[in-house]
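Asks: Read in order, the letters of the sequence shown correspond to residues 0 to 440 in numbering that gives the first Met the number 0.
Glycine included, every Cβ here is placed at the ideal spot set by N, Cα and C.
These numbers come from a predicted model, not from an experiment.
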Amino acid sequence: MKIGRNDPCPCGSGRKYKQCCLREEREHRSPARWTGSVVKVLDWLQQRHRRSLERARHEFYASLDEERSGRLLQLPEEILSMVDGNSIEWLIAEGEIEVHGERRLAMDLVLGPGGPLLAVEERQWLEGLARHPMQVYEVQEAIPGEGVWVKNVATAKARRVWVRERSASQSLVRWDVLGARLVPVGEEWQISGAIYLIPRDALPGLRAALRVAARAGDNPSRPIIAAWLGHLTEPPPPLPKFVDSSSGDPILMVTDHYDVTSWDELAACLGGQPDVDGNQEKGWVWLEDTPEGRFQRSRLALNPGRENRLEAFARSLRRAEEGAAWLRQVAGDTLVYRTREIVDPTSALLQQRPPSTANQPAPIPLPPEIHRELYRQWPEQPIPALGNLTPREAIRTRSGRQQVVELLKDYEIHEQRSAREQGLEPASFRFLWDELGLSPP
Numbered sequence: 000m001k002i003g004r005n006d007p008c009p010c011g012s013g014r015k016y017k018q019c020c021l022r023e024e025r026e027h028r029s030p031a032r033w034t035g036s037v038v039k040v041l042d043w044l045q046q047r048h049r050r051s052l053e054r055a056r057h058e059f060y061a062s063l064d065e066e067r068s069g070r071l072l073q074l075p076e077e078i079l080s081m082v083d084g085n086s087i088e089w090l091i092a093e094g095e096i097e098v099h100g101e102r103r104l105a106m107d108l109v110l111g112p113g114g115p116l117l118a119v120e121e122r123q124w125l126e127g128l129a130r131h132p133m134q135v136y137e138v139q140e141a142i143p144g145e146g147v148w149v150k151n152v153a154t155a156k157a158r159r160v161w162v163r164e165r166s167a168s169q170s171l172v173r174w175d176v177l178g179a180r181l182v183p184v185g186e187e188w189q190i191s192g193a194i195y196l197i198p199r200d201a202l203p204g205l206r207a208a209l210r211v212a213a214r215a216g217d218n219p220s221r222p223i224i225a226a227w228l229g230h231l232t233e234p235p236p237p238l239p240k241f242v243d244s245s246s247g248d249p250i251l252m253v254t255d256h257y258d259v260t261s262w263d264e265l266a267a268c269l270g271g272q273p274d275v276d277g278n279q280e281k282g283w284v285w286l287e288d289t290p291e292g293r294f295q296r297s298r299l300a301l302n303p304g305r306e307n308r309l310e311a312f313a314r315s316l317r318r319a320e321e322g323a324a325w326l327r328q329v330a331g332d333t334l335v336y337r338t339r340e341i342v343d344p345t346s347a348l349l350q351q352r353p354p355s356t357a358n359q360p361a362p363i364p365l366p367p368e369i370h371r372e373l374y375r376q377w378p379e380q381p382i383p384a385l386g387n388l389t390p391r392e393a394i395r396t397r398s399g400r401q402q403v404v405e406l407l408k409d410y411e412i413h414e415q416r417s418a419r420e421q422g423l424e425p426a427s428f429r430f431l432w433d434e435l436g437l438s439p440p
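(1) Under three-state DSSP, which class holds residue 410?
(2) In the DSSP assignment, the alpha helix (DSSP H) including residue 269 goes from what residue to what residue?
(3) Which residue wins for smallest C-alpha separation from residue 227, given the options 240, 202, 248?
(4) Let me check one thing: in DSSP terms, what residues is residue 276 bridge-paired to?
(5) Hey, is the region 262-277 in contact with the region 326-340, meaning 3+ C-beta pairs nearer than 8 Å?
(6) Does the distance from the C-beta atom of residue 141 to that of residue 172 stay below 8 Å?
(7) Please work out which residues of its chain come closer than 6 Å, Cβ to Cβ, to residue 220, disregarding the five sequence neighbours upstream and downstream, and give them in chain order.
(8) Going by DSSP in three states, residue 478 sits in which element: helix, strand or coil?
(9) Quick one: Cα of residue 430 to Cα of residue 200, how far?
(10) In chain order, what are the residue ranges of uninterrupted beta strand (DSSP E) at least 3 long that sit wholly in the region 135-164?
(11) If you count every other CB in all the chains shown that lies within 10 Å of the CB of residue 387, and 16 or more means buried, which is it?
(12) Considering Cα atoms alone, identify which of 263, 78, 411 is closest to residue 427.
(13) How should residue 180 be labelled, buried or exposed, when 16 other C-beta atoms within 10 angstroms of its C-beta is the threshold for buried?
(14) Would you call the CB atoms of residue 97 and residue 104 closer than 8 Å?
(15) With DSSP as the reference, label residue 188 as helix, strand or coil.
(16) So what does DSSP say about residue 216, is it helix, strand or coil?
(17) Just to confirm, is the Cβ distance from residue 255 to residue 317 under 8 Å?
(18) Starting from residue 103, trace the beta strand (DSSP E) in both directions and tell me its first and last residue.
(19) Relative to the C-alpha of residue 344, which residue among 215, 281, 241, 186 is closest?
(20) Considering residue 81, what are the terminal residues of the beta strand (DSSP E) in which it resides?
(21) Which of helix, strand or coil does DSSP assign to residue 255?
(22) Which class does residue 379 belong to by DSSP, given the choice of helix, strand or coil?
(23) Return yes when the Cβ of residue 333 is within less than 8 Å of the Cβ of residue 261, no when it is not.
(24) Measuring alpha carbon to alpha carbon, tell me which of 204, 246, 336 ends up nearest residue 257.
(25) How is residue 431 classed by DSSP in three states: helix, strand or coil?
(26) Here's the rule: buried if 16 or more other CB atoms are within 10 angstroms of the residue's CB, otherwise exposed. What is residue 408?
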């Protein structure tokens, strides 16, 4: 007789079945328990088809050229271990092995006559692994420690599905896109184990590749694996170019060091200049008008140092030279030049190390009203990802509306993940959806 979730547990505990033995049975049937089955199957295949097995595993990486293969090998050990695990599951689920000149599914060899000795549950799990192909899903909701609601992105009218997933639900957030194989276990769906997290900006191309694969009768796993490996081996982005907006010169942090012979004389010299502001206590700034004439900006900063030292800071080499010539003319013998220090911000960026978090204060959540104020003008601002249209302009077309939706989803992904890492409640972007008349899917 079938036991209902809300029926008294047959163990006699007095609790409901779903709160007692059903929970233990789910734990017993969780994907982590199938690790031993995968190891058993892999050992069996290696013992009987070692050479063919290695050749078959190379097909998992078929989408990578030599350059990307090299970048893959340079990834951190934990990522390489995940890639290796995904390739093993793919091989067992749908890989082909050459046996006596004939290509055969690895799963047919495992489940066929002469295969490894398997328990009934292990065999059922492997059959489910082979029967249900990999698909691309969007996370609709994640409940950490319990599971996720997902929706197949390749089917326009797909309904969301509850997936029992204790581990991955701790890191997945709403709108995440992932390739996965869902396997039925009892009355529930579970992720087989391998997960292929796909960036949202790769989703349009992946959808197109899935349609091509479907028309050709190919397995959907190929474009999913290619998109995932492509993301992992993406070349590093070019370093930003720092340019002075007023002159167009490359930004270099140039500091000239001087000895001061008389602070009073220096203060008098600088105080007589109409385009100089400041004093000995706070330092001086040599100012210039902006082309629009709306405000003044710094051309050279003069910062008093220890003892009788003065530091003249400029944001480009040309401005530093202009500043040095100006100082010789204005300050005369009150300053004695010592040395120049130049820092390239690009090099400084490469040498940055993550700061220690040992003594950092707990993060402070951003008040909702400030968060809203920061994004208040967003609907009216030109966005490069929208072809320099504003979001309000972009939503006038169907394709533009979809681009705006994708942007908002991407914002929410980063906000949720950042908030979870800091132990904060994520800020809501619902006011932007409402402002643009969009409904979150």
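Replies: By the coordinates alone:
(1) helix
(2) 262-270
(3) 202
(4) Listed as beta-bridge partners of residue 276 by DSSP are 284.
(5) yes
(6) yes
(7) Result list for residue 220: 133, in chain order.
(8) Here the chain has residues from 0 to 440 only, and residue 478 is not among them.
(9) Between the C-alpha atoms of residue 430 and residue 200 there is a straight-line separation of about 23 Å.
(10) Correct list: 146-151, 160-163.
(11) So residue 387 counts as exposed.
(12) 411
(13) buried
(14) no
(15) strand
(16) coil
(17) Cβ atoms of residue 255 and residue 317: not closer than 8 Å.
(18) 101-104
(19) 241
(20) No beta strand (DSSP E) contains residue 81, which is instead part of the alpha helix (DSSP H) from 76-93.
(21) Residue state, collapsed to three classes: strand.
(22) helix
(23) Yes, they are a contact pair.
(24) 336
(25) helix
(26) buried
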